[in-house]
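Note sheet for the following structure.
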Amino acid sequence: MDKLASLLHMTPAIFWMVAKVVIVFSAVMLLASVWTWVERRGSAMIQDRIGPNRAKLFNRWPILGLSQLLADGIKFFFKEDLVPTDANKKLFWLAPFLAFVPALIGFAVIPFGKDFVSGGITYHLSVLDPGNGMGLLYPLAIGGVAVYGVLVAAWSSNNKWSILGGMRASAAMVSYEIGMSLAVLTIFMTTGGYDPAEVISAQGGALWHVLPNWNIFHQPLGFIVFFTCMFAETNRLPFDFAEGESEIVAGFNTEYGSMKFSLLALAEYSHLMTASALVATLYFGGWQVPFMPDPPVMLSILSFLVKMLFFAWVFVWIRWTVPRFRYDQLMRLGWKAMLPMSMFNLVFHAWRMSQGH
Amino acid sequence: MGVVVKKVELSWLDRTYVWPVAKGMAITFRHFIKQLFTPTSKRYTIQYPDMKKEMPDGYRGLHELKRFEDGAIKCVACFMCQEACPARCISIEAEEFSDLNITQGFEEKRPAKFSIDMLRCIYCGMCEEACPKDAIWLRKDYEVAAYDRLSMNYGKWELMNTYAEADGKERISQDNTPSVPRRTIAL
Ligand code: SF4
Ligand code: SF4
Numbered sequence: 001m002d003k004l005a006s007l008l009h010m011t012p013a014i015f016w017m018v019a020k021v022v023i024v025f026s027a028v029m030l031l032a033s034v035w036t037w038v039e040r041r042g043s044a045m046i047q048d049r050i051g052p053n054r055a056k057l058f059n060r061w062p063i064l065g066l067s068q069l070l071a072d073g074i075k076f077f078f079k080e081d082l083v084p085t086d087a088n089k090k091l092f093w094l095a096p097f098l099a100f101v102p103a104l105i106g107f108a109v110i111p112f113g114k115d116f117v118s119g120g121i122t123y124h125l126s127v128l129d130p131g132n133g134m135g136l137l138y139p140l141a142i143g144g145v146a147v148y149g150v151l152v153a154a155w156s157s158n159n160k161w162s163i164l165g166g167m168r169a170s171a172a173m174v175s176y177e178i179g180m181s182l183a184v185l186t187i188f189m190t191t192g193g194y195d196p197a198e199v200i201s202a203q204g205g206a207l208w209h210v211l212p213n214w215n216i217f218h219q220p221l222g223f224i225v226f227f228t229c230m231f232a233e234t235n236r237l238p239f240d241f242a243e244g245e246s247e248i249v250a251g252f253n254t255e256y257g258s259m260k261f262s263l264l265a266l267a268e269y270s271h272l273m274t275a276s277a278l279v280a281t282l283y284f285g286g287w288q289v290p291f292m293p294d295p296p297v298m299l300s301i302l303s304f305l306v307k308m309l310f311f312a313w314v315f316v317w318i319r320w321t322v323p324r325f326r327y328d329q330l331m332r333l334g335w336k337a338m339l340p341m342s343m344f345n346l347v348f349h350a351w352r353m354s355q356g357h
Numbered sequence: 001m002g003v004v005v006k007k008v009e010l011s012w013l014d015r016t017y018v019w020p021v022a023k024g025m026a027i028t029f030r031h032f033i034k035q036l037f038t039p040t041s042k043r044y045t046i047q048y049p050d051m052k053k054e055m056p057d058g059y060r061g062l063h064e065l066k067r068f069e070d071g072a073i074k075c076v077a078c079f080m081c082q083e084a085c086p087a088r089c090i091s092i093e094a095e096e097f098s099d100l101n102i103t104q105g106f107e108e109k110r111p112a113k114f115s116i117d118m119l120r121c122i123y124c125g126m127c128e129e130a131c132p133k134d135a136i137w138l139r140k141d142y143e144v145a146a147y148d149r150l151s152m153n154y155g156k157w158e159l160m161n162t163y164a165e166a167d168g169k170e171r172i173s174q175d176n177t178p179s180v181p182r183r184t185i186a187l
C-alpha cells in the first residue's frame, strides 16, 4: 500500500483516505442501483410474477434481468430533459443533488469492518475515522437534511401534487425524527458514547452465553421504533407519502424525468443502503461476528455486508408485504405509538442503568 | 336503509401490528421461495413470444375455410354465413362450376371470392353456426395482426390456408376443378 501511495505521490494516509472514499461511495452507489433490480425481481417473485427479464446484453444474455439496469441507464441518459415552464429552474436542478448527496454521505461514519494495523499505522475501515466528534449524530443530522432534497424538488416543480408530497415528507420527517432520535439516544446511553466504533465494540461478546451481545436483544422495542422510523425516513412503502402514487400522481417527483429522475430514484436506494447500514450498526453489532471475539478483517467486512444487505432486503420485503398507511394513520402511529414507545424505552433503560445493571 | 357493519375485534396480539406484519412477511416469503424455485416453464406467467398458451376447446380464433381431401373447397357459397354475420364482415361472390366428382357430390356452386375483414369480425362464431356445410370453422389461432388494414382483409385463399402449416396440409392457391360453365357439359 505504501508503495502504491508513493507511486501516486501521496502519503499513505491520504492515499488510504482517497481509496476509502472511492471504494465506499462507489460501492454504495453500485449496491443502490443493483437494489433497484433486487426490488423489481424480488417484488415479482413475492407476487408470483417474473419481473424484468427481456433486456438482453448484446441481444444475447439477459443475466436474470440485470441488463435491464443498463438499458434503464441508457434510456434515462437519452431522454428529453424537461423542466416545467413555471418551475424554479435553479432549484429544480439542485433538488436531485440535494436528495442524492445526503443519502450517500450519511454512510461516511459507519465502520464497515474491523480496524487493522499495518506498518505501525492503524487503518480504520470507515471513511471518517472514529473519534471525529460527530459519531452517529452525523448520519442522523444528514438524514434530517435529506428531506430538503424532497422538499426542494417538490416546491421547485410548482405543481400541486408535488407540493403535497413534499409537505407530507417533511411532516413525516418531523414526527418520526423524534421517536427515532429517542431510540438512538437509548443506545448512546447504554453504550456510554455515540461513536459508531464504541457502539460496535460494546456489542461484542455473548449474552447469557447463547446470544450475541447485540443491542437488538437488549432493546427490541427500540429496534422496532428505529426500524419503523427508518421506513418513514427513507420514504418507502408503507410510508411512501412523499410519492403516494395512488393519490398524488408521483408526489415530489411528478415533474422529474430523465437523469434527474433517476438520480432521485438512486437517492432513495442509497438512503435505503445507509439506513440498513445504520440498523446493522446500531442494533446488530456492525461488523461483529457472533461468538468470535476477534474476527479476521475480511470476515468482519463480510459480516457487515451480510447484515446490511439483509436489512436492505427486509426493506424490500416489507414494502411488498404491508399495504400503505393513510396519512392520518401515519401521523397517529408516529405521535401516539412510536414516540411513547421510544420514550418508554429510554426511561426503562435509564431506570435499569440506575439500578446498576 | 342502514347497514350495520360488524366490527372485527382484534386480539391484542393483532393490535400490536408487529405480529400481523410478521405473519404477512412469512406469507410473502413463502411465495418468494416457491416462485424462485419454480422453473420458468411452470410459472403462472406465460412468456408469450417464447411460450404460447394452448387455447381451450371451443375457443373462437381465426377462421378456416375447410376443404375436401382432394383440396376442393367445401363452401357452396350459400351466403348463410354472410347473412348471419352480425358484423357484416363477410363478402362472398359465387360462381358456378362443373366437372363434378364423387367427393364433391352434386354441388355446383362455389365462392369465386370469399373474404372476411378480420378488423371488423368480432369472432362471435355465428358464421360457423350458420354454415350448412360445416365449411367454415373458427379455430385456435389468436395471433391475428398485420401492419396495414388491407392485409387484414383475408381472401378466399388466405382463409383456406390459415391452418395449413399447423395441420401439415399443403397450401393451395387454386381450385382443382376447372370452372367451366355448366351448360357446356352434357349430363
Ligand atoms: S365470427 Fe362472427 S363476426 Fe366474424 S365473420 Fe363469423 S359471423 Fe362474422
Ligand atoms: S361458408 Fe358455409 S355458410 Fe358461408 S357461404 Fe360457404 S357454405 Fe354457405
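Chains as they are written, first to last, in the UniProt record's numbering: chain A, 1 to 357; chain B, 1 to 187.
From the three backbone atoms N, C-alpha and C, an ideal C-beta is built for every residue, glycine too.
Predicted model only: the values in this text are computed from it and were never measured.
Residue j beta carbon less than 8 Å from that of residue i
| i | j | result |
| --- | --- | --- |
| F100 of chain A | A280 of chain A | no |
| W37 of chain A | Y269 of chain A | no |
| L136 of chain A | V199 of chain A | yes |
| M80 of chain B | P132 of chain B | yes |
| L282 of chain A | V184 of chain A | yes |
| I122 of chain B | L159 of chain B | no |
| A55 of chain A | A32 of chain A | no |
| G204 of chain A | N213 of chain A | yes |
| K66 of chain B | A135 of chain B | yes |
| L151 of chain A | G133 of chain A | no |
| S181 of chain A | L140 of chain A | yes |
| S41 of chain B | M55 of chain B | no |
| L339 of chain A | I178 of chain A | yes |
| V289 of chain A | L299 of chain A | yes |
| P52 of chain A | V109 of chain A | no |
| L272 of chain A | A312 of chain A | yes |
| T254 of chain A | W161 of chain A | yes |
| I92 of chain B | C127 of chain B | no |
| A275 of chain A | T234 of chain A | yes |
| E129 of chain B | A87 of chain B | no |
Residues that residue i contacts on chain B, provided the C-beta gap is smaller than 7 Å
| i | result |
| --- | --- |
| T322 of chain A | Looking at the sequence provided, one finds Val at residue 322 of chain A rather than Thr. Simply V21, G24. |
| M353 of chain A | By Cβ distance, chain B contributes nothing, its closest Cβ being about 26 Å from M353 of chain A, past 7 Å. |
Nearest-angstrom Cα separation, counted from residue j out to residue i
| i | j | result |
| --- | --- | --- |
| R41 of chain A | I50 of chain A | 7 Å |
| L264 of chain A | P96 of chain A | 5 Å |
| R182 of chain B | A112 of chain B | For R182 of chain B, the predicted model reports a pLDDT of 44, less than 50, meaning its position is unreliable; a value from the coordinates is still stated below. Going from the Cα of R182 of chain B to the Cα of A112 of chain B covers about 15 Å. |
| T184 of chain B | D175 of chain B | With a pLDDT of only 41 at T184 of chain B, under the threshold of 50, the placement of this residue in the model should not be trusted; the figure read from the coordinates follows. Approximately 19 Å between the Cα atoms of the pair. |
| E247 of chain A | N159 of chain A | 14 Å |
| K336 of chain A | R168 of chain A | 18 Å |
| H349 of chain A | H209 of chain A | 22 Å |
| F76 of chain A | F231 of chain A | 27 Å |
| G192 of chain A | A26 of chain B | 37 Å |
| T190 of chain A | M353 of chain A | 8 Å |
| S11 of chain B | F188 of chain A | 35 Å |
| R236 of chain A | G149 of chain A | 15 Å |
| V322 of chain A | V21 of chain B | 7 Å |
| V18 of chain A | T11 of chain A | 11 Å |
| L125 of chain A | D115 of chain A | 6 Å |
| P62 of chain A | A44 of chain A | 16 Å |
| G125 of chain B | R139 of chain B | 10 Å |
| G155 of chain B | F58 of chain A | 41 Å |
| P130 of chain A | F112 of chain A | 12 Å |
| T28 of chain B | L64 of chain A | 21 Å |
| A146 of chain A | A103 of chain A | 6 Å |
| Y138 of chain A | E143 of chain B | 60 Å |
| D141 of chain B | Y327 of chain A | 49 Å |
| G356 of chain A | L69 of chain A | 54 Å |
Chain-ordered neighbours of residue i on chain A, where CB pairs are closer than 9 Å
| i | result |
| --- | --- |
| R43 of chain B | D48, R49, I50 |
| L36 of chain B | M45 |
Chain B contact residues for residue i, given Cβ-Cβ distances below 8 Å
| i | result |
| --- | --- |
| I216 of chain A | In chain order: nothing, as chain B lies at least about 14 Å away. |
| I318 of chain A | V21, M25 |
Within chain A, the residues that residue i reaches when beta carbons sit closer than 7 Å
| i | result |
| --- | --- |
| Y162 of chain B | It is worth fixing the name first, because residue 162 of chain B is Thr in this sequence and not Tyr. In chain order: nothing, as chain A lies at least about 29 Å away. |
Within chain A, partners of residue i - CB distance below 8 Å
| i | result |
| --- | --- |
| V18 of chain B | I224 |
| H31 of chain B | M45, I46, Q47, D48 |
| Q174 of chain B | Going along chain A, no residue has its Cβ under 8 Å from Q174 of chain B, so there is no contact; the nearest lies around 42 Å. |
Cross-chain neighbours of residue i in chain B, by beta carbon under 9 Å
| i | result |
| --- | --- |
| M343 of chain A | In chain order: nothing, as chain B lies at least about 17 Å away. |
| M10 of chain A | Within chain B, no residue comes near M10 of chain A; the closest Cβ sits about 46 Å away, beyond 9 Å. |
#### Entry: Any alpha helix (DSSP H) of 4 or more consecutive residues that is wholly inside the stretch 233-304 of chain A
The stretch 233-304 of chain A contains these whole alpha helix (DSSP H) runs: 258-283.
#### Entry: Whole beta strand (DSSP E) elements within the UniProt domain "4Fe-4S ferredoxin-type" (112-141) of chain B, 3-residue minimum
Counting only runs of 3+ residues, the beta strand (DSSP E) found wholly inside the UniProt domain "4Fe-4S ferredoxin-type" (112-141) of chain B occupies 136-138, in chain order.
### Task
Quick one: which unbroken beta strand (DSSP E) runs of 3-plus residues sit fully inside the stretch 138-194 of chain A? Chain order, please.
none
### Task
Could you tell me which uninterrupted beta strand (DSSP E) segments, each at least 3 residues in length, are contained entirely in the stretch 35-65 of chain B, listed from first to last along the chain?
63-65
### Query
At what residue ranges does the stretch 58-97 of chain A contain a whole run of the alpha helix (DSSP H), taking only runs of 4 or more?
Listed in chain order, the complete alpha helix (DSSP H) runs (minimum 4 residues) inside the stretch 58-97 of chain A are 67-78.
### Task
Return the chain-ordered ranges of every alpha helix (DSSP H) run that is complete within the stretch 93-130 of chain A and spans a minimum of 4 residues.
Listed in chain order, there is nothing to give.
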